[in-house]
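Novice: Quick one: the structure is below, questions incoming.
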Amino acid sequence: MVTRRGLLKGSAAATLAAGIGPLPWLVSPSSAMETVTSKSPVGISDDLANPMEIHSVNGRLKADFYMEATDYTLPSGPTKLRIFNASLPGPTLRLKPGDTLELAFGNRMPPNKDARKPVVTNVPNRFNTTNVHYHGFHVSPRGNSDNVYLQIEPGQSFNYVVQLPVDHPAGNYWYHPHRHGSVSAQIASGAAGMAIITGTLDDVPEIADAIERVLVLQAPIAGIDGLLESEKPIWPLDAERDFLVNGQYRPKIYIREGEVQHWRILNAGDAQFIPLRADGLEMHLVGLDGNPLPMAQQTDEFTLAPGNRANLLIKAPKTGTYALKRPAFMQGKASLPEEHLADIIVVAANDPRIAPGIKFGKEIPTGELPKNEILTDISADEVTVKRKFVLGVKDVSGFFDDTEFTINGRGFDPRRDDVVAKLGAVEEWTLINTTPFPHPLHIHVNPFQVIDINGEPDTRKPWMDTIAVPAAGTVTFRTRFVDFTGRYVMHCHILPHEDTGMMINVNIEV
Amino acid sequence: MRSLIHRTKGAAAIVIACSVLGITAKADDSKKAEMPVAASQCLSCHGTNGNPALKDVPILLGQQPLYLENAIRAYQEGRRTGGQALVMHEIVKDLSDADVKAIATWFGGTQ
């Protein structure tokens, strides 16, 4: 059995960071894109590197992508992970509104061991069958776009063509597999990467002046003997996990005294929430799920549910070594321990290891932040339909852990349309959680504006695509169904819950 | 092992409740009534030992039975509205009058 707390933790963290990074990735000569190698934004050798990036060129990003069982050394020891392009996390995609994303995707994983067994919906199955979801993208859910009903079997290839509207909101998005039944196993394995659509916050002078970091937070799970083949290690919410930042265990992050850095942070985990603290440093939130907040908001702690992203400006007042931590907290009734995610090392402003020409942001924006133009406030008068969705769980003998998670009393059925709405409708949805654990609900294609949580108005009225419905609590949001018809889903982003039923189909008709 | 981490509804929760409260069908302590079946759905949030793990969920054990009965009926009939009242409405909407009284009496009388 794999030892969860192996020799490689602790003293060997630096070795891990330096020696076992992402494997080289080969680019097709015909690809319409530019690549930026994985590197430290301050140029210090043991500083946390940003994941490698693939940028669009002249309105196109065309690249080869694949999922493969890849050798990787986790803190608990060597294993195989199902990951994109042999990289943990996957490459960051950097696009502009109006771009076309073309991924020639190949499923290079081995045949499913349960291929001869019939699939039972809402029971985890066929961990090597996959597809790709573009989380948060406002794009068509049909055909070869953001179509999560596709089943790409081992050995098969599929060409994705995803057309971003010219007025697509700028922000932090991400990509990950979304084939019902194998989502939790593949994301728990580390199959995920950031996708950035540039603009809006990037144009704020104080943010443009700052060094930018991408931080992808993951807690990959190894199988008993290599590739993960069972849902069991993923299932307990309080399972012991080793949290990685950009694939590294407890990396070092360098900041200069007086400096402000812009961090794009993604919780790409499969189940556990991540409250974040960096005591001794200033944290200023400027965006949630990529969308700007009304103003920079200083905070000591904020929480990313699985699937959430944040734009954070972090300021270092004094030299010293600080910790980026997840404090101990309660996720509903589950008690989760403190996790030390990274060391933040604040060096002198004139540290000779950092070249003089490297950006040195020093200010936090003080005025109103710009908005993504199409995401205008939705007033009560604009709402055309109100709906409610009750999140629950029930016993189903023979299912995994005899459990099926439900929305409005029913587990997921791919054949059923749970919501049928008209293109152009403006709806207010209330999510009612009857369980003692929070559920982060994510809806595809169209973002929503959060109105209240447990009946308390959120005065920021943030635009998000993933929102944690508190344990025994409620969330109300409003959304516009615009631009795209077709079927897509809303589901819990605690992915074992999604794979075991907490998902509905939404069908937008002309 | 059957996980109680994602879910605490159903038979497993009842077993725990009975164990913690010292309630069994053969209980010698005649002062403690047997838990009504309908109360089992309350335990996952309101706790099995009078101390809910969720900080914003009220303690029911030892509460006045009449208060509990009135509160449940208010949730059923939608006279308490918005926010977490919506959760309670979904939980209690299908309870019979007898269930409401039994739950209120049991929680109120058990301490």
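For the protein sequence lines, the chains are Y and F, in the order given. Mapping the first sequence onto my numbering, position 462 (from 1) lands on 464, and the numbers just tick up by one. Mapping the second sequence onto my numbering, position 21 (from 1) lands on 38, and the numbers just tick up by one. Glycine residues also receive a C-beta, built at the ideal position from the N, C-alpha and C atoms. Just so you know, these numbers come straight off a predicted model, no measurement behind them.
Within a Cβ cutoff of 7 Å, which residues of the same chain sit near Y:PRO207, ignoring the five residues on either side of it in sequence?
Specialist: none
Novice: Between Y:ASP415, Y:PHE129, Y:ILE223, Y:ASN248, which has its C-alpha nearest Y:THR123's C-alpha?
Specialist: Y:ASP415
Novice: Any Cβ of chain F within less than 8 Å of the Cβ of Y:PRO31?
Specialist: With a pLDDT of 48 at Y:PRO31, under the threshold of 50, the modelled position of this residue cannot be trusted, and the question is left open.
Novice: By the DSSP assignment, the alpha helix (DSSP H) with F:ARG90 in it spans what residues?
Specialist: 82-93
Novice: Measuring only the C-alpha atoms, how far is Y:ARG328 from Y:PRO277?
Specialist: Straight-line Cα distance between these residues: approximately 5 Å.
Novice: Taking CB distances under 8 Å as the criterion, tell me whether Y:ARG6 reaches chain F.
Specialist: Since pLDDT at Y:ARG6 reaches only 35, below the 50 mark, its modelled position is unreliable, and the value read off the structure follows with that caveat. Put simply, the CB of Y:ARG6 is far from chain F, with every gap to its CB atoms at 8 Å or more.
Novice: With a cut-off of 8 Å, do at least 3 Cβ pairs link the stretch 384-398 of chain Y to the stretch 217-231 of chain Y?
Specialist: no
Novice: Does the beta-carbon distance from Y:PRO222 to Y:ALA172 come in below 8 Å?
Specialist: No, these two residues do not count as a Cβ contact at 8 Å.
Novice: Please go through the same chain and pick out, in chain order, the residues whose beta-carbon is closer than 8 Å to the beta-carbon of Y:GLY475, but skip the five residues on each side of it.
Specialist: ASN435, PRO440, ILE455, ASN456
Novice: Do you know whose CA, among Y:ALA117, Y:SER191, Y:ASN161, lies nearest Y:ALA88's CA?
Specialist: By alpha-carbon distance to Y:ALA88, the top candidate from Y:ALA117, Y:SER191, Y:ASN161 is Y:SER191.
Novice: To which residues of the same chain is Y:GLU36 closer than 7 Å at the C-beta, ignoring the five residues directly before and after it?
Specialist: These residues qualify, in order along the chain: HIS57, VAL59.
Novice: Is DSSP giving Y:ASP513 helix, strand or coil here?
Specialist: Absent from the structure is residue 513 of chain Y, since the part of chain Y shown begins at 3 and ends at 512.
Novice: Reducing DSSP to helix, strand and coil, say where Y:GLN300 ends up.
Specialist: strand
Novice: Could you spell out where the alpha helix (DSSP H) holding F:MET105 opens and where it closes?
Specialist: Element bounds for F:MET105: 101-109.
Novice: Do Y:ARG482 and Y:ILE380 come within 8 Å of each other at the CB atom, strictly closer than that value?
Specialist: yes
Novice: Between which two residues does the beta strand (DSSP E) carrying Y:ALA193 extend?
Specialist: Run containing Y:ALA193: none; DSSP gives neither H nor E here.
Novice: Is the stretch 117-133 of chain Y touching the stretch 290-307 of chain Y in the sense that three or more CB pairs, one from each, lie closer than 8 Å?
Specialist: no
Novice: Spatial neighbours of Y:ASP501 within its chain, please: C-beta separation below 7 Å, excluding the five flanking residues on both sides.
Specialist: PRO126, HIS182, GLY183, VAL185, SER186
Novice: Looking at the C-beta of Y:ALA71, does it have a partner C-beta in chain F at a distance below 8 Å?
Specialist: no
Novice: Output yes or no for whether 8 Å exceeds the beta carbon distance between Y:THR468 and Y:GLU429.
Specialist: no
Novice: What does Y:ASN435 touch in chain F if you count any residue whose Cβ is under 7 Å from its own?
Specialist: VAL104
Novice: Does the stretch 65-72 of chain Y touch the stretch 266-282 of chain Y, meaning 3 or more C-beta pairs lie closer than 8 Å?
Specialist: no
Novice: Quick one: list the residues of chain Y neighbouring F:LEU78, beta-carbon separation under 9 Å, in chain order.
Specialist: In chain order: nothing, as chain Y lies at least about 16 Å away.
Novice: Would you give the residue range spanned by the alpha helix (DSSP H) that Y:PHE160 belongs to?
Specialist: Counting along the chain, Y:PHE160 falls outside any alpha helix (DSSP H), though it belongs to the beta strand (DSSP E) covering 159-165.
Novice: List, in order along the chain, the chain F residues whose C-beta lies closer than 7 Å to that of Y:THR476?
Specialist: GLY100, GLN101, LEU103, VAL104
Novice: For Y:GLY426, which of helix, strand or coil comes out of DSSP?
Specialist: Y:GLY426: coil per DSSP, three-state reduction.
Novice: Please name the residue or residues paired with Y:ASN174 in a DSSP beta bridge.
Specialist: BP columns for Y:ASN174 point to Y:ILE198.
Novice: Which residues, in order along the stretch 54-88 of chain F, keep a beta-carbon less than 7 Å from a beta-carbon of chain Y?
Specialist: SER61, CYS62, ALA70, LEU71, VAL74
Novice: Give me the chain F residues within the contact set of Y:ASN456, using Cβ-Cβ distance strictly less than 8 Å, ordered along the chain.
Specialist: ASP73, GLY100, GLN101
Novice: Check whether the stretch 240-254 of chain Y touches the stretch 212-222 of chain Y, taking contact to mean three or more Cβ pairs, one atom from each stretch, closer than 8 Å.
Specialist: yes
Novice: Within 8 Å, do at least three Cβ pairs link the stretch 142-152 of chain Y to the stretch 191-206 of chain Y?
Specialist: The answer is no - the stretch 142-152 of chain Y does not touch the stretch 191-206 of chain Y, with fewer than three Cβ pairs under 8 Å.
Novice: Beta-carbon within less than 6 Å of Y:ASP404's beta-carbon, same chain only, minus the 5 sequence neighbours each way: which residues are those?
Specialist: ASP397
Novice: Kindly confirm or deny that the stretch 113-122 of chain F and the stretch 75-93 of chain F touch, where touching means at least three C-beta pairs closer than 8 Å.
Specialist: yes
Novice: Per DSSP, which residues does Y:ILE434 bridge with? Please list them.
Specialist: Y:VAL392, Y:THR476
Novice: So, for Y:ARG215: in the same chain, excluding its five sequence neighbours on each side, which residues have a beta-carbon less than 8 Å away from its beta-carbon?
Specialist: Annotation for Y:ARG215: PRO43, LEU50, ASN52, ILE255, GLN263, HIS264, TRP265, ARG266 place their beta carbon closer than 8 Å to its own, counting only its chain and skipping 5 residues before and after.
Novice: Can you say whether Y:GLN300 is buried or exposed, counting buried as having 16 or more other CB atoms within 10 angstroms of its CB?
Specialist: Label assigned to Y:GLN300: exposed.
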